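Chemist: The structure's right below; bear with me while I get my questions together.
In the UniProt record's numbering, the protein residues as written are 1 to 407.
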């Protein structure tokens, strides 16, 4: 009998190993009846979330204290009585409570950013979109770790799930059923994951994220991002986007075109995520310490401000088209997502990460330390003081490593 077939043995293995709370994402295929029930859950959760946001806004306008998660959950019963929710009893109560909890979490993040003097981002209302989710407590579902059979609350038949080589999640606490813009369904389990012991490593590396090359390492390696969408599919995407612009907004043909576009974007996002997981795992396996730039991607990819000629009142060229192409190349790598994957994998594996100020890393000579804008000419770095020659991105990666760990 394997550990997954023996609950006691599986628990012993988890308790003896280093475990972390993680997400276990798998694809699922609900039946037509299950999709109908999930649609009710999705819409009910959206309404509870929006009503919670409205309740918090009203409390602030009236000078009342913030209601919090308890206030949101307490109001769910009152909302059912005072609103026309004839179908609300068909939705699972636990899903509604989770929606209230998610609204409270959004406000807590908002308060934290305000306190840290960051860009706050006030919680917004959720519109009726094609993407939706609902969260269930495992204890309120019929769930078997041995067989992987899951029967959601308010449903009678097991949900068809495509398990991968990782097997079923252990010690699952909750599961979120999510529908993406392409109409695909996913099950995301919150569970305890046993973390493998990484091999010993002593080397450190600096990483520079660029446009010509996705990543440049201080070791001299240049990593290019693959084409996440083939040229044929890129042409099809452009054709579908033009077709969508001509179609009637309320027509069924427009909805079919929208789904086709969403499927292409989903394919591209899946390819990007797979590549990111492979490259970040390779970095964490090879190096004990990893340094990278603390980039403000939102500011870097912001559209340039329009410039107006005071004499003619006409707008001057501001190279917005050229910058838009550069921004698209940078966002294609998804630097923020790449950094988050490095950080959590390094944390789990006992590796060290350090973010450094990116100022002058591209203009500073990694050998003598001379800083000059003339040192760099596109991808070639030539120090005007000591004559040091290197690839510009590799030179920047070496400076990042030196700033982080003094290497």
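Backbone N, C-alpha and C fix where the C-beta goes; we use that ideal spot for every residue, glycine too.
Every value quoted in this text rests on a predicted model; they were computed, and no experiment measured them.
Pull up the CB-CB distance for residue 400 and residue 206, whole angstroms please, since I reckon it's below 8 Å.
Modeler: Confirmed, about 4 Å.
Chemist: Quick one: what does DSSP say residue 154 is sitting in, helix, strand or coil?
Modeler: Here residue 154 sits in coil by DSSP.
Chemist: The beta strand (DSSP E) spanning residue 389 covers which residue range?
Modeler: Note, residue 389: beta strand (DSSP E), 389-391.
Chemist: Suppose you measure from the CA of residue 349 to the CA of residue 95; what does that come to, to the nearest Å?
Modeler: Approximately 34 Å, taken between the alpha carbons.
Chemist: How big is the Cα-Cα spacing for residue 361 and residue 310?
Modeler: Their Cα atoms are separated by approximately 37 Å.
Chemist: Say whether the region 101-112 touches the region 55-74, bearing in mind that this needs 3 or more beta-carbon pairs closer than 8 Å, one atom from each stretch.
Modeler: The region 101-112, when compared against the region 55-74, does touch it at the 8 Å Cβ threshold.
Chemist: Need the endpoints of the beta strand (DSSP E) that residue 270 sits in, please.
Modeler: Taken as a continuous stretch (DSSP letters only), residue 270 belongs to no beta strand (DSSP E), being part of the alpha helix (DSSP H) at 252-286.
Chemist: Is the region 364-376 touching the region 391-398 in the sense that three or more CB pairs, one from each, lie closer than 8 Å?
Modeler: Segments in contact, yes.
Chemist: Would you mind working out which of 182, 179, 31, 165 sits nearest residue 156, comparing C-alpha positions?
Modeler: When each option's Cα is compared against that of residue 156, the closest is 31.
Chemist: How far does the beta strand (DSSP E) with residue 104 in it extend, from its first residue to its last?
Modeler: Unbroken run through residue 104 is the alpha helix (DSSP H), 93-115; no beta strand (DSSP E).
Chemist: Kindly indicate which three-state DSSP category residue 20 falls into: helix, strand or coil?
Modeler: In the structure shown, residue 20 sits in a strand (DSSP, three-state: E or B).
Chemist: Assuming residue 61 is part of the alpha helix (DSSP H), what are its boundary residues?
Modeler: It spans 32-61 - the alpha helix (DSSP H) in which residue 61 sits, taken as one unbroken run.
Chemist: Give me the DSSP bridge partner(s) of residue 293.
Modeler: In the DSSP output, where bridge partners are listed per residue, residue 293 has 356.
Chemist: Rounded to the nearest angstrom, what separates residue 6 and residue 146 at their Cα positions?
Modeler: Because the pLDDT at residue 6 is just 44, under 50, the model does not fix this residue reliably, and the value given afterwards should be weighed accordingly. Cα to Cα, the separation comes out at about 8 Å.
Chemist: Specify the secondary structure class of residue 348 as computed by DSSP and reduced to three states.
Modeler: Residue 348 falls in the helix class under three-state DSSP.
Chemist: Determine whether the beta carbon atoms of residue 293 and residue 199 lie at a separation below 8 Å.
Modeler: In this structure, residue 199 does not lie closer than 8 Å to residue 293 by Cβ.
Chemist: So which of 298, 222, 60, 229 has the shortest CA-CA distance to residue 392?
Modeler: Nearest C-alpha to residue 392: 222.
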